[in-house]
Amino acid sequence: MTDRPTPKGLKAVALVELAKGVLALLAAVWFLYTLGDNWAEGLSYLNTRFAPSIELPERLFDLAQSFDRDRQVLAISGLTTYSVLHIVEGIGLWKSKLWAEWLGTISGGVYIPFEIIELVNHPSWLTAAILSLNVSIVIYLIFAIKSKM
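The sequence shown: position 76 = 661 (the working numbering), numbered continuously.
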């Protein structure tokens with residue numbers, strides 16, 4: 586039996602998931618490199634160096650300031666797990682695997698209520714764009730699953 590070619594839409598979703606996974610992995614490596622340092626200072630440096638026009642929320646700096654070494658290790662572990670999950674999902678989607686479509690639907694759908702709450706409490710174009718992209722991906726994956734059943 587030959588495999589059907591992967592639809593372009595599914596490849597686009599795969600690229601989004603791979604990008605999220607790679608970015609999360611890069612962040613985990615950076616956090617590992619700065620383990621034990623004051624993450625709020627590092628965050629401020631990165632913000633002024635790479636995105637000076639974007640004002641990060643103060644609560645993000647407060648959160649980063651509160652991380653002791655144990656919480657930093659836990660955060661790095663969580664970020665690494667997140668990155669591996671998205672990289673595996675992206676590879677599975679690229680190969681048009683049904684399990685990856687299910688994984689993407691569930692993992693993407695889990696975030697939607699939290700993204701809605703964030704949009705209501707702290708409206709911004711970025712939050713709206715992320716929510717729109719996530720909802721679009723979940724809907725696309727639902728249709729992809731239905732077409733295979």
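The beta carbon of each residue, even a glycine, is placed where N, CA and C say it ideally should be.
Here the structure is a predicted model, which means the values were calculated and not measured.
- Here the alpha carbons of Tyr618 and Ile722 stand approximately 33 angstroms from one another.
- Contact check for Leu620 against Gln657 passes: the beta carbons are separated by less than 9 angstroms.
- With respect to the 9 angstroms criterion, Pro592 and Ala729 are classified as neighbours on the basis of their beta carbons.
- In this model, Val669 and Glu700 are separated by some 22 angstroms (Cα to Cα).
- Arg644 is the residue among Ala609, Phe635, Arg644 whose C-alpha sits nearest the C-alpha of Ala625.
- In the structure shown, the three-state DSSP call for Thr591 is coil.
- Check the Cα spacing between Pro642 and each of Val720, Leu726, Asn706: the tightest is with Asn706.
- Two segments are said to touch when three or more pairs of C-beta atoms, one from each, lie closer than 8 angstroms; by this definition the region 666 to 682 touches the region 592 to 601.
- Taking all protein chains shown into account, Ala636 has fewer than 16 neighbouring C-beta atoms within 10 Å of its C-beta and is therefore exposed.
- Boundaries of the alpha helix (DSSP H) around Pro698: 683 to 706.
- Judged by beta-carbon spacing, Ser692 lies within the 9 angstroms limit of Glu674, meaning their Cβ atoms are closer than that value.
- Taken through DSSP and simplified to helix, strand or coil, Asn623 comes out as coil.
- Assignment of Glu640 by DSSP, reduced to helix, strand and coil, places it in the coil class.
- According to the DSSP assignment, Lys731 belongs to the alpha helix (DSSP H) that extends over 710 to 733.
- Distances from the CA of Ala713 to each of Asn632, Tyr725, Ile697 were compared; the closest alpha carbon is that of Ile697.
- For Ser668, the enclosing alpha helix (DSSP H) has its first and last residue at 654 to 679.
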